[in-house]
Each structure stands twice: as structure tokens, then as C-alpha cells.
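Chemist: After the C-alpha cells below, expect a handful of questions from me.
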Amino acid sequence: MTARLPVVEGEWIDRSRGVPFTFDGQRFEGYAGDVPASALWAAGVRVLGRSFKYHRPRGVLSFANHDVNTLMQAGARLNFRADVEGLEPGMALTAVNTAGTAARDGLRILDRLSAFLPVGFYYKAFHRPKGLAPFWENVFRRVTGLGRVDFSTPRLATPKRYDFADVLVVGAGPSGLRAALRAGQAGARVVLVDENARIGGSLGYQRGGERRSRDTLVELEAAIAALPNVSVRPGTLAAGWYADHWVPLVDASRMTKLRAKAVVVAQGVFEQPAVFRNNDIPGVMLASAAQRLMYRYAVKPMHVALVLTANAEGYRAALDLLANGVEVAAVVDLRQRADDEAAEAAVIARGVRVLHGHCVFEAEARADRLVAARVCPLDDSGEPRTSHAIHVACDGILMSVGWAPAAALLYQSGCVMRYDTAVEQFVPAKLAPGVFAAGRVNGVHDLEARLLDGERAGAEAAAWAGFHTDPVPAVPGLTSTPSHPWPIVGHPGGKNFVDFDEDLQVRDFLDAAQEGFDNIELLKRFTTVGMGPSQGKHSNMNAIRILARIRGQSPGEVGTTTARPFFHPVPLSHLAGRGFTARRETPVHERHERLGAAWMQAGIWLRPEYYREADRPKAECVRAEIRAVRSGVGLIDVGTLGKMELHGPDAAAFLERLYTGRFAGLKVGMSRYGLMTDETGVVIDDGVIARLADEHFYFTTTTTGAAAVYCEAQRWNAIWKLRVGLVNVTGAFAAVNLAGPRSRTVLARLGTQDLSRDAFPYLGVRETEVGGIPARVMRVGFVGELGYEIHVPAQYGACLWDRLMEAGREFDIRPFGVEAQRALRLEKGHVIIGQDTDGLTTADEAGLGWAVRMEKPFFVGKRSLEIIRKRGARQTLVGFELDPGSSAVPLECHLVIRDGEIAGRVTSVLESETLGRTVGLVFVRPELAKEGTRLEIRVDGGAIVAATVVRTPFYDPDGARQEPEHE
Amino acid sequence: MSDETPSRTSPVARFFRAGEIETTDVRGMPVVVRLGPDDASRAAVAGICDLSAFARAGLKGPGAADWLRAQALPVPDTPNSWEPLEGGGRVLRLALSEFLIEDGPRGDAAARLSARLCAGIPQVYPVPRQDAAFALTGTRIGELLAQTCNVDLPGALAGTRSVVLTQMVSVSVSVLRDDNGGLPCYRLWCDYTMGAYLWETLAEIAAETGGGPVGTASVLREGGLG
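Right, here's the structure in full:
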């Protein structure tokens, strides 16, 4: 560990616990508390990764969670952020995006080919000739990508959770700590989060060679720890902002969706790189990166440093270097004069040369290591005077030229930002309600002012959340400018990088603008600036400055790109963790399970599609179920049907309006088919409407339509204001359909109801008991046989099923599923809404015109149907019969072809054992709907099969089988 | 015709395996009293208990509140609140004119009310209640709620007789806070047909949290079912 410093006060490492690990196959040892990048840097490793496009060697840049060039692969784990994620014993780390290792990357040749890989080369070069596109795609897939996915990685059901707070403080630097303290002291329930492993922010590492900030941190930590109502959560990223102050908090193990009454954004700023040739060579880093290395991990960042600065923090960084034994060869200040005389004087007093009005023109490297900087004075127009260049030998360059606000959450909350030339950064101009900004993100940079600003924001947030606290005055303005407006130096050789994720140089922006992409959003998409894993945290501000200069505007006029959640990458394991997909089961579910049901989904319901039998294929099982219903007796669970109760003196009038049929005259004890259309006349639902009393109806809807019908009915009555009470009882009733010639015999064994034709006619409804269970029994015939739909309270559903199955045992009663039911109803020619209709089908088109009573004064959809009837139908649903011996059977959605044009489509089809032929329903153009019309249907593979339009029902057209005499 | 009294089935009955449970009968429905020897210790951490068996009655309509008063039942003053009944039951006001009445282990108000409620009472409409009803209890039950509901239930229900109508794991539920010998305890009701999914999901998270399904003995300490 060649570069490890003596013990540094406040260091994050535990020197008593060594942590062995490997990087690219080589063994290393760090300490507990280290991150891989700090341990490797301490071990003298400078090349930690390769750049994305040119495969240039890269080292440390920020140590602030956006060092994309230190992304590594840790076993199966991708995108391991080696600049912030903790080192673990035995880790086997490898560099990503290399052919070989970080030190020996076979693709480094690409750096020499960079002239052939300008911005936008993907868009221009590889789509012609078209035939080579697959070749290039293959090449790109092989040479790009950040790691290898292990597809055998087990799925993690990472839990998510919700949390709540009065005040959420994002960022635990000086202003965030003070804000949390103030809000906590006011009595608010405070959650304080910080993405770093420990709280403190810049108090811990921007020390300027003094104790003051460190002492402040210790005091604030102790004060907050004494408040039980303040929850401190380090290692937690506030990844976005959503309406009503929902903020996803991402930590190592999960995502927590926190809702706060007020949010304080104190996320600080991202230090921004200076742009000069070779500003990416390992050893060139942000000043704050060097400070983090020294004070968090006790690692000497370099032996001899050059500090390039344009603010007071650069001088303070130089003092930090000196305090930790680093020789400072020079401080190069872009400004003609420094505005913090005390810091400059302290640096000069330590014998450091200060060069005002100078820049770093280029960094020079040997064997991937920085060896010197070429420093030039700047002329009056800010251009380097290369004729006066001097060489400064160094193995490290610190860049401290400015900051960009970490304002993503503010933007997402709807905050209006403005560019403030006093601080040369975007600052909040108008905040969203309940959102407060504090500290550097608010344009406040001096430490004392940041503490005061945090206190103000904490007080305001607590007050917003309903806690009394005395207001704190706003902080005074700045006396110096922390960011340089143009920290960018041109170079004829290029390689002056703006975006380290995407290898974008100054020239790329000039080229993009020249091609017309001179709007910030277009520039982003063409160059891909800010679209890499660091999401523009170190590149967007310089990109805006470059575009502003190209267009002759200010950065404020150029504006920023849209900030969307998540502003920082979030592991897919967190997003795709435990999800909740609701499932609905009928009260008879367990009985179906025991009977071997094969399940299918109907909306969120689970329904038996059919019942499995050993060694019998599905089709045979279904045929056996159909035979049972046609020849004996079958039982199907129809509990998924929507079920509604309607009470009140206007109940019949309400149904008259809601449905197309007539219900005012429906006798008590009888039921009738009900068809529902929307305002455009399109069929949306159907069911059976039973009258239980003069002012009491019970009606069913389709399985998936229940919730929508209930909502729609409520909506209409909010308008009509009729005297009715509607109750959705879908889940409160179990329902089965006992069907088949033997159904009456079976039912008779369980009830006292007279089931004779006269006492209980077709479409009759009776409130009675079945097997001792209070029940509503309806004589309906959806499947085309004598049948009884029996509805009982849900808790009795299983008992009813058992008793019916027991009573039917003698007659070989058989449960049947949805598949058999579909076949049975198709033989009978019954339409299923949603299968035989679509979102445009009118009642007339579906052949349901008989259920529409246009003589009524009003029903929903009537007016549209009147118009449509005048215009004529576009299509008609008719029955068809396939020619015997056809080579193939059409499937649903296969097309009817006439004269080479589409003339219709199949909606249902069945190879009917009962009928001995293949029949179905098909939409055709009206002129093809006449009985006997020959149809050509195109099946899979393009073959044509012939069919004939026939009348429905296919089975029992007189309905004789629905009478008890057929027993 | 069957002579046997028809039995009622809880929506979560299938999750209890015979042999490891001690049961009793409440109005024709088997109720799990104790689920193995660790029942109480699970309940102390994060227990989920099935209380679907109790009788329930529901009604809505402009005349519902007056009709309830006429039956000598307490009527909560405001929507989303509840009042206790003798014998451990309660009256929940779910909306301005909608009520749920549930019996406790010893009362029968809901059962009697159910028999009286019928179509035809002016401006009173019966609402059949076949809910799945659960209790959640234990020191870590807040963690389960945090993983399953985006409403701050502990905050919203602390120290009040409030009822929150919300969603847990995509299921519509009514929730109130109860007492379980000093342990946090929440009672919740949902549609019968969503009960199995809700139970399965909550029981899985309860188990991860150090608890799991428990019997009524650990929840209804004074209820007479233990």
C-alpha cells in the first residue's frame, strides 16, 4: 500500500481489518471501509478502466458516484461503482469494456482511429449498404457494453416499502444537516438521506488544511443523534421526485417510496472538470476527488500536484494537499486575480508558485501516467499563448474551476431555475409548493452561509409541515464567484474531453452544431452528451457553455435538458423486485384445484379452462365435458360474472336507460337478456337482469366488465339522479350453472322449489334454498340445454358445489370449464361480448338488434344507433359452416377474402363433435351475410378454405332442449 | 335433499393444513384458534389471523343511519370512523350513508340485523357482506404495512377510531386499529374473492418479518375463542 497516508482524523477505513480482493486477476488488499478505487489507488494502480469509445486509460475523476470509467464487474454483479461502493472480502473485480484487462486492452487501438469515429458516426456510416447492417450490428455488440450479463443469475424478489415523513432532507452536507436539525428541533418527523456511506458531505473533506469544517461536522452529528425524531439514512439515494412529494429512496437492499409533507433539497453541487487536451489521463482529477481520497480513505492522490483553479476552493484544496504531504508544483489560476486573498496568501506562504491568468493547455503522459502539464498564459481574449508555454512536472492535476447544481429533484418538482451570473450557475427562481432548496444547490457557497441557509430551509419546511418555528432570515449574497464561465481550452489535437462517459471532445460539439443540432435537446441526442451512466453530472454544464458560445447566447438562454426520474441509475433488481399482481379466486377455487383444473386468466380472475385427466389430451378432456352437458349433466363455476343489486322506486326506470331492452314491464320472478351500449352505440356488455321485487333487481355482467359497468352505472346516476341504490355484489355471491338434460333431476334432490315447466318457466328466477343454502336460482340457457344458474352467498359456495356434485354423482355429473362452455354456447350461436365483438361493434352488426328497443324514449347509445341505422352497417356477424374435408380449420381472426380484398374475419370457430361439422361466427361485409353465401377464408400459411354462411343457432334452433321435457 | 346444516368456508381455509391446527366453530365456519406451539411468539412479532367467520351485516342508502339508530345501534358521527359493540363487535361507517356491522366473539348484533335487513325498507339498501376479514398484529407489523400499503396507516389510525379505505397490494381494503394486549393490531376487510391472494401475500411478508399466520387465541385475548 504505497500511497496510504498516516491516520487521518475522520477517515472511513478500518485499518484493523484488511480486505483481500482481485482486480483483473491481480491480488490486492484494502481496508474495511475502502472502495475498490481507493484501495487500488493506494496500491499504485492508476488505470482503473477504459473509456467507452476510444478505450483510453482512465483513473479517478470525481469519487462522487459518477466515475463511469471505474464501473466494474463484481462476479455476476454488473455496473459496480468502484468509486463509491464498499469493498468486500474476496471480491473478484474486472474492468468492463475491455478486450483483455484495463491495463492491457486490446481495443486501445481505437484511440488512434478516433479521427474516423466522429460524433454521430453510428447514424451515418453503418446503414449503407443495407446488407452490411447485420455485420456492423454484430461488431458493435461485441465491442461495446459495460459488462457481461450472467443469465443464470437467480431472480431477486427485492422488497419495496413505503415510508412517510413530515420533512425529507436530501443531502447531509452542512446545509442539509442544519436543515434536518432545525426541522427536528421543531418537532417534525424528519428523514435525512445522503447517497454517501457516511453523512457530512463536504464538511468531511473540503477542509482547507484547517479543523473548522471537521469540528462543525462532529457537532452537527452529535446534535442530530440526540433527536429521536430525525432518522438519518446514509447510503441512500433520493432518485427522483414524483407528484405529492413521493420520493423513491434507493439503498443497497431496496427501494423505499417515501412521501413527505415537505422536502428540503440540499444535494449540493457537482464539481465540474476543466476542459483541456488529455484532461482524462489517470492522475488528472477533480480537486474534490483528491480531497475525498485523502480524508475518507487516507490515500495520497499524487506526489507532485498542479492545481488548476478559478475559485477559492482550489487554493483550499492546495492547502489540503500540503497538509497531507503532497508537493504542490504550482497553482494555475484562470483568473487574472484571486478573490480570496487569505487562501492565496496561505498557499504562497507555503512556497507554492501561483500563476494568475494561466491555463493548462495540455497534460502529458508516459506509459498511461501523467508526467507533466503544459501551462500557458491566457491572452486578453482568453486564448492560450502557446508560445509562452511552460512545462510543469507533476503526477497529478487537480481541477477546481466550478460547480453545477445537483438540481434534478428540483427540476422534477417543477422548480423554475435561472442562470445567475453572480455565481455562474443555475439557481432556483421559483420553487414548487412544499419544496425548499438549501446550500450550494441554492447558489450559496460560503460555509457559514450554507449552514444558515440550511437552517432557514429547515425552519420553512417544518412550518410548511405544520410545526411552529421561528423564521430564519435569508443569507446575504456572495462576495466571490465559485465557477468560471469558460473553463475550456481549445487544442488543435483535440482529446479535450467534455463528457467522460461518451468520449465527447470539444470538436464534437462544434461539428454537431454545424450540422444543425444546435438546440440543447437536439445536441444531447445527436452527441449523446449526458446520456451515459453519469447522466451528465460532469458534462452537461460545459456542454451548455459550449453551445452558448456557439450561438452567442448566455447559458441561461440555452437552458438545460429535461431532468427525468431517475436522475441516477437504479439497479434493475430494485425496480424488478417484488411486485404485487392481484389475483381473484371464486369461492369454489379449492374444489377446482382438487379436481385438476387447468387454470386460465380472465382479467384478474383465475378460472378452470378445463379439468385434466391422466393420459388424456386437453381436446379430449374438453370433448368429454361437452358430452356430459349435452347428454347428462355438467356443473360450471360462473362466480366470476359481475353481479349487481339495484334497489329503489326508480330501479326499473334506471335499467330502461342503462340497457337497450325493456325492463319496466318485466314481471317479478322473471329475467331477461340485457344488452348495454355506450354513447356511440357500441356494444360494451351484456348479462341477465332478474326482477326479484317491484323495486329490487339483480343483474349480471360479463366477467371482465363488472367494475366498468358499476362505475358507468354510478356515473350515469350522478347525472340522472334517480332514486336507486346500486350495490356491486360480485364478490359476495358464488354462482354455478347446472346444465344438461339431467339438471332438473339433480337440482330437485336439493331443493323444495317446484321445478316444473309452469312453476319455474324458462327465464324464471326464484329465491329459494338449494341444499339448505339460501339461493337465487335462474333458469337460463347459455349453453343450449336445460340449465339453472344458482347464486348463493360466497361463504356457502364450496358447500353448494359439494352438494351438487354429490347429488349428481348418480348421473355422472361432470365439472366443465370455460373451454367447453365456449364451445357449447357457440353451437347454440350465442355471442360473447369482447370475443365476437370489438371496440367498434354495434348491436345490429353483432346480430343483437332484437335486444334493442328503439321505441323507448331514451337509452344510452340510442341516438347514435339511430344515426348508424340510417347509414347502414359496415359488417354483420353471421354463422358459417366449413366445407367438409377442408384442408385446414380456420382460427379466430383469420380473414375472409373476396376478390383479393379483406371482406371479413372469423371471431369464433369450433370443430363440433355434437354437430359433426366445423362451425363458427364471422364478421362479413353486409352483402355477404345472406344465408348460403360462399366464403373463402385464408388460414395460416396462406391456404384458402371454403365455407358457407348458415343460420344460427347451429344446435337446437327451436330451443326445445331447454325445456324439462327433454330430460 | 341434504339434512346437514350447510357449512361456511373462509376464503383462506385452504392455507391451513389439518394436524397442526386447533380449531373451533363459529356459526358453521371452522376457525383456527391456535396454529402450532409458536403461535403466540409469531403473533408478538408479525401475526396474521383469519377472522372471516364473524357475522356481518351491511347497508347503505339515505335512510341507513336512521334505521340503524332505530335498531338501537351506535352510529359513528362521521364517515370513516367506527364505534364498538358489546361483545367485541363494531359498527363501521364506511361512507356518509354506508355501514358495516360486525359481531365480535360474543355478540350477535350483526346476525340479528342481517335477519331484519331486507329489500323494501324505504331508502335502506342491504349490502351483502361476505368479506375476508383479517387481523394483523405484532411489534413489527408496521414493517409489513410499509411494504404493502402506500398510506401511513400507523400515523392515520393512531389514537383514533378511524377507518381508512385504501388499497394493500392492489386490493381494496377497509382498515382500523384495534388493541391486542398492548401490541399494535390492525383489522382489515376485503372482498371475499380477493382474500386468498391478500392472505398469501401478507402471510409471506409476515414470515419474512419474523412472524406468520396465527390463530385467534393470539389476537382475541379476551374474546372467548382462545
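Chains W and F, in that order, are what the protein sequence lines are. Sequential numbering of the first sequence, starting at 186, is according to my numbering. Sequential numbering of the second sequence, starting at 1388, is according to my numbering. Every residue, glycine too, gets a C-beta built ideally from N, C-alpha and C.
From W/L985 to W/V977, what distance separates their C-alpha atoms?
Modeler: 8 Å
Chemist: Can you tell me whether F/A1604 is buried or exposed, with buried defined as 16 or more other CB within 10 angstroms of its CB?
Modeler: buried
Chemist: For chain W, is any of its Cβ atoms less than 8 Å away from the one on F/Y1512?
Modeler: yes
Chemist: If I measure Cβ to Cβ from W/G285 and keep anything under 6 Å in the same chain, skipping five residues before and after, which residues do I get?
Modeler: G291
Chemist: Nearest to W/P1000 by CA position, among W/V931, W/E810, W/P834 and W/T953, is which residue?
Modeler: W/E810
Chemist: For the segment 947-980 of chain W, enumerate the residues whose C-beta is nearer than 7 Å to any C-beta of chain F, in chain order.
Modeler: Against chain F - using a Cβ distance shorter than 7 Å - the residues of the segment 947-980 of chain W are G956, G957, I958, P978, A979 and Q980.
Chemist: Taking the alpha helix (DSSP H) that W/W1035 belongs to, which residues open and close that run?
Modeler: Careful: W/W1035 lies outside any alpha helix (DSSP H) and carries neither H nor E.
Chemist: Is there a C-beta anywhere in chain W that falls below 8 Å from the one on F/Q1458?
Modeler: no
Chemist: Which partner residues of W/K680 appear in the DSSP bridge assignment?
Modeler: W/K680 pairs with nothing; no bridge assigned.
Chemist: List, in order along the chain, the chain F residues whose C-beta lies closer than 8 Å to that of W/A767?
Modeler: V1556, S1557, V1558, M1581 and Y1584
Chemist: For chain W, check one thing: does any of its Cβ atoms lie closer than 8 Å to the Cβ of F/R1395?
Modeler: yes
Chemist: For a test of the three-state rule: what should DSSP assign to W/R1059, helix, strand or coil?
Modeler: coil
Chemist: I'd like the list of long-range same chain contacts for W/M990, defined as Cβ closer than 7 Å, with 5 residues on each side in sequence excluded.
Modeler: L820 and I998
Chemist: For F/A1543, which of F/R1564, F/D1578 and F/D1425 has the nearest alpha-carbon?
Modeler: F/R1564
Chemist: So does the segment 1057-1068 of chain W actually touch the segment 1029-1049 of chain W, counting three or more Cβ pairs closer than 8 Å?
Modeler: yes
Chemist: Can you find the residues in the same chain that come closer than 7 Å, C-beta to C-beta, to W/L402, ignoring five residues on each side of it along the sequence?
Modeler: G385, L388 and G389
Chemist: What does DSSP give as the partner residue(s) for W/K345 in the beta ladder?
Modeler: W/M440
Chemist: I'd like the ranges of any alpha helix (DSSP H) spanning at least 4 consecutive residues and lying wholly in the segment 293-356 of chain W.
Modeler: Runs found: 306-310 and 318-328.
Chemist: Measuring CB to CB, does F/L1479 end up less than 8 Å from F/V1419?
Modeler: no
Chemist: Would F/A1427 pass as an interface residue toward chain W - the criterion being a Cβ-Cβ separation below 8 Å?
Modeler: Closer than 8 Å to the CB of F/A1427 there is not a single CB belonging to chain W.
Chemist: Quick test of your reading: W/D351 and W/K446, contact by CB under 8 Å. State the CB separation rounded to the nearest angstrom.
Modeler: 5 Å
Chemist: Three-state secondary structure (DSSP) at W/L595?
Modeler: helix
Chemist: Taking DSSP as the reference, what is the three-state secondary structure of W/Y500?
Modeler: helix
Chemist: Please compile the residues from chain W whose C-beta is within a distance smaller than 7 Å of the C-beta of F/G1494.
Modeler: Identification of chain W residues near F/G1494 by a Cβ-Cβ cut-off of 7 Å yields none; the smallest Cβ-Cβ distance measures about 19 Å.
Chemist: Run the CB neighbour count on W/G329, radius 10 Å, all protein chains shown included, and call it buried at 16 or more, exposed below.
Modeler: Note that residue 329 of chain W is Thr in the sequence shown, not Gly. Classification for W/T329: exposed.
Chemist: With a threshold of 16 other CB atoms inside 10 Å of the CB of W/K803, please say whether the residue is buried or exposed.
Modeler: exposed
Chemist: Can you name the residues of chain W whose CB is closer than 7 Å to the CB of F/A1533?
Modeler: R346, Y347 and D348
Chemist: Keeping to the same chain, check which residues put their C-beta closer than 7 Å to that of F/G1613; ignore five residues upstream and five downstream.
Modeler: For F/G1613, the predicted structure reports a pLDDT of 48, less than 50, and the residue's modelled location is therefore unreliable. A value from the coordinates is still provided. Cβ neighbours of F/G1613 beyond the five flanking positions: V1420, T1603, A1604 and L1607.
Chemist: Would DSSP call W/V1153 helix, strand or coil?
Modeler: Beyond the ends of chain W as shown, which are 186 and 1152, falls residue 1153 of chain W; an answer cannot be given.
Chemist: CB W/V469 to CB W/V448, shorter than 8 Å?
Modeler: no
Chemist: Residue range of the beta strand (DSSP E) that W/V912 falls in?
Modeler: G910 to N913
Chemist: Please report the Cβ distance between W/V204 and W/P274, rounded to the nearest whole angstrom; I am assuming they are in contact, meaning their Cβ atoms lie under 8 Å.
Modeler: Sure, about 5 Å apart at Cβ, within 8 Å.
Chemist: From W/A893 to W/L940, what distance separates their C-alpha atoms?
Modeler: 35 Å
Chemist: Please go through the same chain and pick out, in chain order, the residues whose beta-carbon is closer than 6 Å to the beta-carbon of F/V1413, but skip the five residues on each side of it.
Modeler: A1440
Chemist: Whose Cβ in chain W lies nearer than 8 Å to the Cβ of F/A1482?
Modeler: The contacting residues do not exist; F/A1482 stays about 12 Å from chain W at best.
Chemist: Beta-carbon of F/T1603 versus every beta-carbon of chain W: anything under 8 Å?
Modeler: no
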